[in-house]
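Novice: Protein chains in written order, with this note's numbering: chain A, 1 to 116; chain B, 1001 to 1109. Note that beta-carbon positions come from the ideal geometry of N, C-alpha and C, so glycine has one too. Got a structure here, written out as structure tokens. Questions coming.
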């Protein structure tokens, strides 16, 4: 069953708290992504990971870091969350390696994060 | 950087009507994809279409790369087609996709 799973689905945190968003995929895809979606701004790429411990900043990496210790898991970490990080976060994966175009992205359900 | 412009921003249809969604992008060195976002938020890939025309059911994707444009045609729309349709292109080979702002489609019976 081809699936990208995100946990949790909903999360409420206070400003300054640490946040961990988790993503898993069961397709052995090399490449994984974190996007955030905001009204009027669409989907913006935060980080991309080409494989284990091979990560690259996307368009809006500030305030975020990532961890990929196993091919099937990709975590997004917010150290000391800010209110402007309230958003819906999407994880995605695709079945190709670095340097090849992004064919067939598979998305998770998203995590709705509210930072108060 | 790459830019992706979608039109219209929103579209209201009566069930059975056809619709055409447009996507224009800023570079010829791109590959275009279409995604559908359910009203509940889930994003699914509809087409990976670097050039030419592809069909799936009532959906047709056409990409004219040298003119930097793509389109998604919905024929005989149904209420279940309601949602937001996104066009996305390669940012560059190593940097993931750049998304447009989407076209919100509402189909009424």
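Does the Cβ of residue 1048/B have 16 or more other Cβ atoms within 10 Å, making it buried, or fewer, making it exposed?
Specialist: Position 48 of the second chain, counting from 1, holds the residue named residue 1048/B. Buried: at least 16 other Cβ atoms inside 10 Å.
Novice: Helix, strand or coil: which one does DSSP assign to residue 1079/B?
Specialist: Position 79 of the second chain, counted from the first residue, corresponds to residue 1079/B. The answer is helix: DSSP assigns residue 1079/B an H, G or I state.
Novice: Assuming residue 24/A is part of the beta strand (DSSP E), what are its boundary residues?
Specialist: In the first chain, counting from the first residue as 1, residue 24/A sits at position 24. Note, residue 24/A: beta strand (DSSP E), 19 to 25.
Novice: Quick check: residue 1044/B and residue 1106/B, are their CB atoms within less than 8 Å of each other?
Specialist: Numbered from 1 along the second chain, position 44 holds the residue referred to as residue 1044/B. Numbered from 1 along the second chain, position 106 holds the residue referred to as residue 1106/B. No.
Novice: Within this structure, are the beta carbons of residue 75/A and residue 22/A separated by less than 8 Å?
Specialist: Taking the first residue of the first chain as 1, we reach residue 75/A at position 75. Taking the first residue of the first chain as 1, we reach residue 22/A at position 22. Yes. Within cutoff.
Novice: State the DSSP-derived secondary structure class of residue 1020/B, mapped to helix, strand or coil.
Specialist: As a first step, residue 1020/B is located in the second chain; it is residue number 20 there, counting from the start. Per DSSP, reduced to three states, the secondary structure at residue 1020/B is strand.
Novice: What is the DSSP secondary structure of residue 84/A, reduced to helix, strand or coil?
Specialist: Locating residue 84/A in the first chain gives position 84, where the first residue counts as 1. Residue 84/A: helix per DSSP, three-state reduction.
Novice: Name the one or two DSSP bridge partners that residue 54/A has.
Specialist: As a working mapping, residue 54/A is identified with position 54 in the first chain. Answer is 51/A.
Novice: Taking only the alpha-carbon atoms, compute the straight-line gap between residue 99/A and residue 83/A and give it to the nearest angstrom.
Specialist: The residue you call residue 99/A lines up with position 99 of the first chain. The residue you call residue 83/A lines up with position 83 of the first chain. Summary for residue 99/A: the model assigns pLDDT 46, below 50, so the residue's position carries little reliability; its value from the coordinates is reported in the next sentence. Using only the alpha carbons, I get a separation of about 35 Å.
Novice: Given this structure, state the Cα-to-Cα distance separating residue 1020/B from residue 1080/B, to the nearest angstrom.
Specialist: Locating residue 1020/B in the second chain gives position 20, where the first residue counts as 1. Locating residue 1080/B in the second chain gives position 80, where the first residue counts as 1. Each residue's alpha carbon lies about 17 Å from the other.
Novice: Mapping DSSP to helix, strand and coil, what is residue 98/A?
Specialist: Working through the first chain from its first residue, we reach residue 98/A at position 98. For residue 98/A, the predicted structure reports a pLDDT of 46, less than 50, and the residue's modelled location is therefore unreliable. A value from the coordinates is still provided. Coil, per DSSP.
Novice: Between residue 121/A and chain B, is the shortest Cβ-Cβ distance under 8 Å, so that the two count as touching?
Specialist: Lying before the first or after the last residue shown, residue 121/A is absent from chain A, which here runs from 1 to 116.
Novice: Who does residue 150/A pair with in a DSSP beta bridge?
Specialist: Within the shown structure, residues of chain A are numbered from 1 to 116, placing residue 150/A beyond reach of any answer.
Novice: I'd like to check one pair, residue 90/A with residue 35/A: are the Cβ atoms closer than 8 Å?
Specialist: By 1-based counting over the first chain, the position of residue 35/A is 35. By 1-based counting over the first chain, the position of residue 90/A is 90. Their beta carbons are under 8 Å apart, which means residue 35/A touches residue 90/A by this criterion.
Novice: Of the residues 1006/B, 1036/B and 1061/B, which one's Cα is nearest the Cα of residue 1026/B?
Specialist: Taking the second chain and counting its residues from 1, the one referred to as residue 1026/B is at position 26. Of all alpha-carbon atoms in 1006/B, 1036/B and 1061/B, the one lying nearest the alpha-carbon of residue 1026/B is that of 1006/B.
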